[in-house]
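Have a look at the structure below before the remarks.
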Amino acid sequence: MSIHNLNSIFRPKRVAVIGASMKAGSVGRTVLENLLSGGLVDNEGEPASQLVYPVNPKYDEIFGIPAFADMSELPEPADLAIVCTPAATVPDVVRQCGAMGTMGVIVISAGFREIGSTGRRLEEDLKKAVSEYPGMRMIGPNCLGIISPKRNLNASFAETMPSSGSVAFISQSGALCTSVLDWSLNENVGFSHFVSVGNALDVGFAELIDYFAADGQTEAIVLYIESMSEARRFMSAARAFTLTKPIVVYKAGRFAESAQAAASHTGALAGVDAVYESAFTRAGLVRVLDMESLFDCAELLSRYRVPDGPRLAIVTNAGGPGVMATDALLAAHGKLAELSDSTMRRLDEVLPPTWSHGNPVDVIGDAPPERFEDAVKAVHQDPGVDAVLVVLTPQAMTNPTSTARRLAALARQSGRPVLAAWMGGPAVREGIAILNAAGVPTYPTPEQGVRAFMQMSRYARNRDLLYETPRRLTINFPQPRPQTRQEFRDRLPEGDNILSEGDSKSLLAAYGIPTARPQLATSAEDAVSVAKAIGFPVVLKIQSPDISHKTDVGGVELNLSDEHAVRDAFARVTKAAREHQREARIDGVTIQPMVLAPYKTEIIVGAKKDPVFGPVLMVGAGGTAAEVFRDMAFELPPLTERLARRMVESLRTWPLLAGFRGRPPFDVDGLIDVLLRLSALVADNPEVQELDINPLLLTPDQVHAVDARIRTVSTRDTRGERQFSHLAIRPYPEEFVAERTLRDGTRVRLRPVRPEDVPRWRDLITRCSPESIRRRFRYLFSEPTREVTARFCFCDYDRELSIVAELTDEPNCPMAGVVQLLADADHESAEFGILIPDAWQNNGLGSLLTDYCLDIARTWGLKRVFAEADPANRRVLRLFENRGFTAKPIDIDSTMYHKELLSDATATN
């Protein structure tokens, strides 16, 4: 549903308050008073008293404004209705709003799913009521409301109107909203929008992130999340936003237990919070772990652009606080800025000989305001400094107030962050007020200032990871993945099942994961025969569908070197299994080769389907003590080579894997290959609920899946199943790869772009004339910026797609052209663009790419495609005209072409 319809909520001209009241302390009265006192005006300058309609049959007027019995009596339809009536009445009230053409609704009323089964039924009726009116959008129910300070719109029952700013705050907690509002007044922090989503029955985090992304006033978003649904939409919206602007998130319930205890190692290790942590990092969000940090980040975001890096300069009049700040910075993996020689010379000129001669810059306890100013100015201008933290303690000769005035004036001269820690009580109070009024983020301790700076620096690092170009790895599977998928589905029984070790390893082997294939033996003699056929030494394990962790019941025997050892081991494991689990079904034992190597280590890799984010991949230190050490990393599929490598390098055991004290490194590339194959497996097979490979044995030369366990759930009914709908992130769309031949016989492969295509895309740019560049981008550049490169090569395949044409008969398959579809957040329309180097123009490639892209747009269900073109580019204009595009001149330099797709069922290919 269109996010543009949210304008009726955030930019209404007329507002109805349903349930408005004169009763002191009532929600209906508070909301009405807030709307009237806020000063809401429309474009024609009408006052709030003529734009706000109280609706309540008990009153003829409220606060001197005419009141109306119901929505049908309003003199003009309201854009927004704020509902404050009892919960039981709300669904019918919403239907009345829809019947009168009111498309924006905020339901303040509580009493829905939060009260139990009765409320859940009522909430379902409310959801149905909203769906009956296409285009209607609703915030709530059970919410505080929304505030848009720039429009003087306080559509809430919070009595505080914050100042206008650049940070949007979105919260599931209404009580937290009131606390943040109160804090914002004290700290002089402004907001672009303030939203309490409540139960988020219609409008949730994803829609609001997309809406605020298009809002020119919003430069950052702060989220308070308790729970989440529609993870795919959230991840898509958040990743699009964080490419250019930061999102800070506080997730409540870090230590909540899983709804159901998991039987596998992976399930036990992959707690709810670890999944959220992985998802937030993948989407480029900055996560804070306490409310103090959330406030600190909000203050910093509201005042400065994001710092370029983690290099901090500290200026202080006391050595101790300078050391405290340094400790906090290094503990958070920040960097003390290395001051340049010119900066050091300047500091020598303005500071006494006893200054610290390094960073932190100690200006000495008797520093007057002028000395503080000179020191801050010197380090602030150093190109090796990303931000400056000024720490002041009230000493005998210190003037905190005058120093604050000078710092405030200096901070206004640059966009580079200047933070302040004015430590103390009454002596520094006036200085703090001056700094807050000037927009300088001010903290009571240096540690808080450092923490806020590092959280913003972490966003810059996370954003860089979104732009990171992975190495291209060619992975060949034993057979086509669709064939493996179909074979697995055909063999899978209905219901909840734990696959045998043999079946589990068969699926792993089908994806090319090296496995030790077990063979079943039902007696001691069978076990000996199998062992002799395999070759000694061997491993013997109990085989039972009822025993998950074989070592826990004495069900594993290693390094059996002869027949006698195998017979004894068979007797021991079967006896031990029956003693530990009398009801377990014992099918026998499995025999497999024993992997011998002078250096080896055990790793666990696995996957678990999270109820919110779908499959989550895990790698960590393995073996029987995996849960004890809890050295692990998590990531959402699909994985790239770089994501998989970063998972492995984040482990505490990484130094051991990379080689330690003369020992050779283990086969890390093989481990990464296994993770990539595992990513493909869980993407292809939504039935997989949990998967363990423990241990995955690593040697310097190979990896080997020694033990494996897979739990599946299958309904056998796949009607209406959308491919990859179980994933939070859309994988690479292999279905859009095609081979074509141009008019001159040249063969090209059409395929979606990958992040690792950055070098070849830059090569494509170098082969375009300046005129071709100008016509495509409307400006000239010799080297595309990182943002331009990312726009083409780093795709969220749910909403954007670049199709490249590569020359398959030439070395390295260079690109001959690229076409792009960039869909809006509602997936209704898309921007179209095409770029072809001069040497490949006039051979039909432009027509081929355009038609192919229009076919994809139809499969996406887009309603229209539009493109901006230079009126002088006759070749492109003919291309559009021949395909039914309609022209609309924008200005002398540009024409907008659009094509409606709904009525056009065919395409020329």
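The opening position of the sequence shown corresponds to residue 10 in my numbering, with each subsequent residue numbered one higher. Even for Gly, the Cβ is constructed at its ideal location relative to N, Cα and C. Predicted model, so just to flag it, every value in this text is computed and none were measured.
Identify the residues that DSSP records as bridge partners of residue i: which are they?
{"i": "S811", "result": "Q829"}
{"i": "A616", "result": "L626 and L700"}
{"i": "M905", "result": "E877 and K897"}
{"i": "G504", "result": "S723"}
{"i": "P75", "result": "E70"}
{"i": "N163", "result": "I156"}
{"i": "V397", "result": "A322 and V427"}
For residue i, which of helix, strand or coil comes out of DSSP?
{"i": "S193", "result": "helix"}
{"i": "G207", "result": "coil"}
{"i": "N568", "result": "strand"}
{"i": "I556", "result": "coil"}
{"i": "A272", "result": "Model confidence at A272 stands at a pLDDT of 40, short of 50, so the residue's coordinates are unreliable and nothing is read from them."}
{"i": "G679", "result": "helix"}
{"i": "F221", "result": "helix"}
{"i": "H366", "result": "coil"}
{"i": "K22", "result": "coil"}
{"i": "P695", "result": "coil"}
{"i": "I738", "result": "coil"}
{"i": "E82", "result": "helix"}
From residue i to residue j, what does the alpha carbon distance come to, in whole angstroms?
{"i": "E345", "j": "G207", "result": "The amino acid at residue 345 is misidentified as Glu; the sequence shows Leu. Rounded to the nearest angstrom, the two C-alpha atoms are 42 Å apart."}
{"i": "V204", "j": "S236", "result": "16 Å"}
{"i": "A814", "j": "P846", "result": "11 Å"}
{"i": "E792", "j": "C822", "result": "22 Å"}
{"i": "L690", "j": "F622", "result": "17 Å"}
{"i": "C306", "j": "Q488", "result": "50 Å"}
{"i": "N197", "j": "P158", "result": "13 Å"}
{"i": "H274", "j": "E510", "result": "Caution applies to H274, whose pLDDT of 39 falls short of 50 and renders its modelled position unreliable; the value that the coordinates give is listed next. C-alpha separation (whole angstroms): 15 Å."}
{"i": "P898", "j": "F841", "result": "17 Å"}
{"i": "S180", "j": "Y233", "result": "5 Å"}
{"i": "L44", "j": "P369", "result": "50 Å"}
{"i": "M905", "j": "F875", "result": "7 Å"}
{"i": "L217", "j": "L294", "result": "15 Å"}
{"i": "R241", "j": "R248", "result": "11 Å"}
{"i": "L60", "j": "I256", "result": "34 Å"}
{"i": "S30", "j": "S118", "result": "14 Å"}
{"i": "L844", "j": "A799", "result": "16 Å"}
{"i": "H366", "j": "S466", "result": "26 Å"}
{"i": "I681", "j": "A442", "result": "53 Å"}
{"i": "D807", "j": "G448", "result": "39 Å"}
{"i": "V762", "j": "R526", "result": "38 Å"}
{"i": "K541", "j": "T817", "result": "50 Å"}
{"i": "A87", "j": "N163", "result": "16 Å"}
For residue i, collect the residues of the same chain with a Cβ closer than 8 Å to its Cβ; drop the 5 residues on either side in sequence, then sort them by chain order.
{"i": "S903", "result": "R787, E877, A878, D879 and P880"}
{"i": "Q404", "result": "N326, A327, G374 and D375"}
{"i": "F381", "result": "V324, N326, V372, V399, L401, T412, R415 and L416"}
{"i": "E748", "result": "R756, V757, R758, L759 and T817"}
Can you list, in chain order, the residues of its chain with a C-beta nearer than 6 Å to that of residue i? Leave out the 5 residues immediately preceding and following it.
{"i": "A533", "result": "R576 and F579"}
{"i": "T493", "result": "A519"}
{"i": "M656", "result": "V628, A642 and E644"}
{"i": "A832", "result": "R808 and A839"}
Between which residues of its own chain and residue i is the CB-CB distance below 7 Å, once the five residues before and five after are set aside?
{"i": "V394", "result": "R320, A322, A346 and V388"}
{"i": "D913", "result": "Note that D913 scores 46 on pLDDT, short of 50, meaning its location in the model is unreliable; the coordinates nonetheless yield the value given after this. Counting only Cβ-Cβ distances below 7 Å, and skipping sequence neighbours, we find G893."}
{"i": "R129", "result": "R122"}
{"i": "S856", "result": "L888"}
{"i": "P933", "result": "Absent from the model: residue 933. The displayed extent of the chain is 10 to 918, so no value can be given."}
{"i": "T290", "result": "N471"}
Any C-beta of chain B sitting closer than 8 Å to the C-beta of residue i?
{"i": "D395", "result": "Here chain B cannot be found, since the structure has a single protein chain."}
| Is the region 425-439 touching the region 390-403 in the sense that three or more CB pairs, one from each, lie closer than 8 Å? | yes
| message | Quick check: the region 90-101 against the region 26-40, are at least 3 beta-carbon pairs closer than 8 Å? | response | yes
| message | Within 8 Å, do at least three Cβ pairs link the region 103-118 to the region 64-80? | response | yes
| task | For the region 554-572 and the region 664-674, state whether three or more C-beta atom pairs, one from each stretch, are separated by less than 8 Å. | result | A contact between stretches requires three or more CB pairs, one per stretch, nearer than 8 Å, and the region 554-572 fails this requirement with the region 664-674.
| Sufficient close CB pairs (3 or more, under 8 Å) joining the region 416-427 to the region 349-360 | no
| Touching by the beta-carbon criterion (3+ pairs, under 8 Å), the region 552-568 and the region 597-616 | yes
| message | Check whether the region 295-304 and the region 332-344 touch, using three or more Cβ-Cβ pairs below 8 Å as the test. | response | As far as the Cβ criterion goes, the region 295-304 does not touch the region 332-344, which means the pair count is below three.
| query | Is the region 183-200 in contact with the region 156-174, if contact means three or more CB pairs nearer than 8 Å? | reply | Counting Cβ pairs under 8 Å, three or more are found: they touch.
| said: Three or more C-beta pairs under 8 Å: does that hold for the region 752-759 against the region 729-740? | reply: In short, these stretches do not touch, since the Cβ pair count stays below three.
| Does the count of Cβ pairs from the region 443-462 and the region 220-229 closer than 8 Å reach three? | no
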